[in-house]
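Trainee: Residue 44 is where the sequence shown starts when you use the working numbering, and the numbers rise one by one after that.
Cβ coordinates follow ideal geometry from the N, Cα and C atoms, glycine included.
These numbers come from a predicted model, not from an experiment.
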Amino acid sequence: MATATTAHHSPVSAPGGLLAGRGFEFHEIMAGDCTFTDGPIAGRSARVEFDLRAHAPDLAAFLRKSSGKGVFRTAQLEGSLRIEGIPGDLPASGAIEMNLVRSRGMMIYDLDFTGPDGKAYHLHGEKHRNWLNFQKGMTTLYTDITEKGSGKTVGSGILYFDLKTIVPFLRSWKLVRA
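1. For I209, count neighbouring Cβ atoms within 10 angstroms of its own Cβ and tell me buried if that reaches 16, exposed if not.
2. Taking the straight line between their C-alpha atoms, what separation do you get for F105 and P130?
3. For the beta strand (DSSP E) containing P134, name the first residue and the last one.
4. Should L184 be labelled buried (16 or more other beta-carbon atoms within 10 Å of its own) or exposed?
5. Apply the 10 Å Cβ neighbour rule to V197 and answer buried if 16 or more other Cβ atoms are within range, or exposed otherwise.
6. Would K170 be called buried (16 or more neighbouring beta carbons within 10 Å of its own) or exposed?
7. Please name the residue or residues paired with Q178 in a DSSP beta bridge.
8. State the DSSP-derived secondary structure class of S215, mapped to helix, strand or coil.
9. Would you check if the distance between the CB atom of S215 and the CB atom of F67 is smaller than 8 Å?
10. Could you compute how far the alpha carbon of A103 sits from the alpha carbon of D153?
11. What whole-angstrom Cβ distance do L166 and I188 have, given they're in contact under 8 Å?
12. So the candidates are E127, I151, G128, T182; which of them puts its Cα closest to the Cα of G137?
13. Rounded to whole angstroms, how far is the Cβ of I84 from the Cβ of G128, which I believe are closer than 8 Å?
14. Give the secondary structure of K104 by DSSP, where H, G and I count as helix, E and B as strand, and everything else as coil.
15. Pull up the distance between the alpha-carbon of E121 and that of T78, whole angstroms please.
16. Does DSSP put I201 in a helix, a strand or coil?
17. Starting from the C-beta of L206, find all residues in its chain whose C-beta is less than 7 Å away, skip the five residues before and the five after it, and write them out in chain order.
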């Protein structure tokens, strides 16, 4: 005998619920120094800064998404990357994955961009939970920059969220129409 199953939704995430047709966005800036071993500025340390807008078009789906290894949340990233010694802003796009259950890789940033040499590059950064120093865990991004095709590391360093910008950061969080 077949039984019918129905999807159970909370009033918040149900079709037509409070979050229906809504997403969210926020703006984040992080900066720090990376040492480059290859590429256009090989052999030197340079200031790296990204200025990004994170957005998730479906907040209900964002809140529901999970896997067997904990709860993963993904938002899209768009913005620019500035690297000292390279003129102009480099358009960058990618995703941020949040898993507040994990200690290592609690927040993972993946950004793709094209360098002034025409090569495709990838910035991978991770924030790690630090129970003894929560502020450090939420403001420190351990970063590697690789050539996208070969995976060869061309730079690595640490970027920081400047706590002096916490008020504009918090004000940037918005619910948006999908």
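Mentor: Working from what's here:
1. exposed
2. 36 Å
3. 133-141
4. So L184 ends up on the buried side.
5. Buried, since its Cβ has 16 or more Cβ neighbours within 10 Å.
6. With 16 or more other Cβ atoms within 10 Å, it is buried.
7. According to DSSP, Q178 bridges with nothing at all.
8. helix
9. no
10. Straight across, the Cα-Cα distance linking A103 with D153 is about 23 Å.
11. Rounded, the Cβ-Cβ distance is 5 Å, consistent with contact.
12. Checked all of E127, I151, G128, T182; the closest Cα to G137 is I151.
13. 5 Å
14. Checking the sequence shown, residue 104 turns out to be Ala, not Lys. The answer is helix: DSSP assigns A104 an H, G or I state.
15. 24 Å
16. When secondary structure is reduced to three states using DSSP, I201 falls in the strand class.
17. T182
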